[in-house]
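Asker:
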Amino acid sequence: IGGDLARTLSVVGERTVNPQETLSFTGVDLKNYTFTWDLFPSNKKDTEQIQKIVQLLKNKSLPQAEEVAGVTSTARAFLKYPSIVTLNLLGVQESHFQRFKRCMISNVTVDYGGGGGMPQIIKGGVPAAVTLSISFSEVQIHVAEDYPVGDTTETAVEVQGGPAA
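Take the sequence shown: its position 77, counted from the start at 1, is 59 in the working numbering, and no numbers get skipped.
1. Check whether the segment 13 to 25 touches the segment 110 to 128, counting contact only when three or more Cβ pairs, one atom from each stretch, lie closer than 8 Å.
2. Check the DSSP bridge columns for residue 86 and list the partner residues they point to.
3. In whole angstroms, what is the alpha-carbon distance linking residue 48 and residue 132?
4. When we look at the beta-carbon of residue 7 and count the other beta-carbons within 10 Å, is it buried (16 or more) or exposed?
5. If you draw a straight line from the alpha carbon of residue 78 to that of residue 50, how long is it in whole angstroms?
6. In or out: residue 118 buried (at least 16 other Cβ within 10 Å) or exposed?
7. Using 10 angstroms around the beta-carbon of residue 104, count the other beta-carbons present and answer buried if the total reaches 16, otherwise exposed.
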């Protein structure tokens, strides 16, 4: 309420309109993550393994083209969804880290300069270093039930009282 109407209501009703805006809940965004690794092959086998990893990630991050049977003009007219992946952090106690829902790979970036600009070429014409960045987008939203807190009364008391001595 604004203008003359707000002033009239405040005089007649001995009240004023609260000038603070309110928030409108429109939903929750899907979570996105990006992981980056610097890879330094020490031998030919490492170089081949890095190449296989890059090819697999690019393959799984892209949709497959689908044709309609018997109609040649529909080549690449339809796309199947890319692969869905599950992220796991190895060697950690998962309750202390981010919880991941199933994801699609939204981007694969390969820097053959190892993050340093121009590629450094080693014996055999292969890169001396590769920086690999992979971005993921979750396909489901996180909700409060994904993060149970137990007895909320006890938790509220602890927060109000500060940290335990």
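All C-beta atoms in this analysis are idealised placements derived from N, C-alpha and C, irrespective of residue type, glycine included. Note that the structure is predicted; figures quoted are calculated from it, not measured.
Answerer: In short, the structure shows the following:
1. yes
2. 66 and 119
3. 48 Å
4. exposed
5. 48 Å
6. buried
7. exposed
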